[in-house]
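Report on the following structure.
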Amino acid sequence: MTFELIDTYTENAVIKVIGVGGGGGNALEHMVVNQIEGVDFISANTDAQALRKSSATTQLQLGTDITKGLGAGANPDVGRQAALEDRERIMEVINGADMVFITAGMGGGTGTGAAPVVAQVAKEMGILTVAVVTKPFPFEGGKRLKVAKAGIEELGQHVDSLITIPNEKLLKVLGKDMTLLNAFKAANDVLLGAVQGIAELITREGMINVDFADVRTVMSEMGMAMMGTGHAKGENRAREAAKLAVSSPLLEDVDLAGARGVLVNITAGLDMSIGEFEEVGNTIKEFASDDATVV
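Last residue of the sequence shown: 295 in UniProt numbering, with the numbers rising by one and none dropped.
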């Protein structure tokens with residue numbers, strides 16, 4: 001496993017984030033507010049009223065003829081047909097992108113049904129396609145979870161990498177006293193962290209510059225992906241943050257030793273030492289395969 005210092009700078013890749021459906025639109029709104037650097041935002045929905053409230057640069061109304069702008073009624077088949085109706089418009093709005101993030105809350109109609117269509121279009125256009133989606137909280141009901149699982153399975157067939165955030169595992173961190181509003185905000189925070197953590201590796205200059213080709217190497221045709229984050233300060237902060245990231249509740253039941261690629265984003269003050277950087281690398285190395293590509 002090697003960490004390569006890169007001293008050249010290349011023009012940024014074009015990255016687009018498309019939020020599909022109600023949950024995806026809410027997550028996208030959270031990303032717009034938090035100003036992820038260097039990405040274009042697209043909100044796609046069958047619900048015209050939800051689109052009117054969107055702050056995204058581009059709004060894409062799906063399936064006007066089918067849904068009359070009233071939403072998919074929690075029916076993934078309607079969501080799928082709506083996306084197929086506007087396949088050419090989807091091609092138009094993602095045209096020119098090198099990388100597309102698709103975010104959705106799986107289990108509803110538009111996100112579950114339309115997200116796989118959007119992914120299929122992006123892949124056919126040769127765009128690096130990464131989906132970052134949530135599975136429902138348990139309190140949202142068994143039917144919604146069943147629909148979500150089927151949608152995630154289909155979505156996985158049309159993306160390079162699929163990051164699934166199981167909201168059930170978030171509950172273990174949040175605790176039972178968390179308000180409903182804050183529970184969904186926490187889920188959006190995780191989606192934000194996933195997209196921002198990957199996108200800003202490419203769009204922001206750092207002490208070690210990572211270009212789009214590096215990210216493509218790790219994420220292209222990789223299938224299921226997982227994410228973990230860690231924050232620490234004070235003595236041993238580097239090692240503690242790295243250990244928290246690789247032991248994140250969102251990585252539960254996942255063996256990192258099987259990972260073929262690892263993306264590491266280190267954010268720190270200018271006082272971070274070479275020794276601390278090495279500690280992060282060594283901590284990741286303890287958990288990942290020797291054959292893994294680490295960027």
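Cβ atoms here follow ideal geometry from the backbone N, Cα and C, with glycine treated the same way.
- The three-state secondary structure of residue 64, taken from DSSP, is helix.
- For residue 33, the number of other beta carbons within 10 angstroms of its own is below 16, and it is reported as exposed.
- Between the beta-carbon of residue 148 and that of residue 112 there is about 7 Å, and that keeps the pair under the 8 Å contact cut.
- If one requires a minimum length of 3 residues, the beta strand (DSSP E) runs lying completely within the UniProt domain "Tubulin/FtsZ 2-layer sandwich" (208-295) are 223-225, in chain order.
- Where residue 163 is concerned, the enclosing beta strand (DSSP E) starts and stops at 161-166.
- CA-CA distance, residue 91 to residue 122, rounds to 7 Å.
- With a 10 Å radius around the Cβ and a threshold of 16 neighbouring Cβ atoms, residue 99 comes out buried.
- Bounds of the beta strand (DSSP E) holding residue 45 are 39-45.
- Contact between residue 245 and residue 229 holds: CB atoms are separated by about 6 Å, below the 8 Å threshold.
- Collapsing the DSSP output to three states places residue 99 in a strand.
- A residue is called buried once 16 or more other Cβ atoms fall within 10 Å of its Cβ, and residue 173, having fewer, is exposed.
- Within the model, the alpha-carbon separation for residue 27 versus residue 194 is close to 11 Å.
- Per the DSSP secondary-structure output, residue 70 pairs in a beta bridge with 47.
- The region 212-222 and the region 44-64 do not touch, with fewer than three beta-carbon pairs separated by less than 8 Å.
- Note on geometry: alpha-carbon atoms of residue 119 and residue 137 lie some 24 Å from one another.
- Taking C-beta atoms under 8 Å as the contact rule, residue 42 and residue 56 qualify, at a distance of about 6 Å.
- One Cα belongs to residue 169, the other to residue 95, and the distance between them is close to 36 Å.
- The distance from the Cβ of residue 128 to that of residue 220 is about 6 Å, consistent with a contact at the 8 Å cut-off.
- Within the same chain, 109, 112, 113, 147 and 151 come within 7 Å of residue 76 by CB-CB distance, once the 5 residues on both sides are set aside.
- For residue 134, there is no enclosing alpha helix (DSSP H); the enclosing beta strand (DSSP E) covers residues 128-135.
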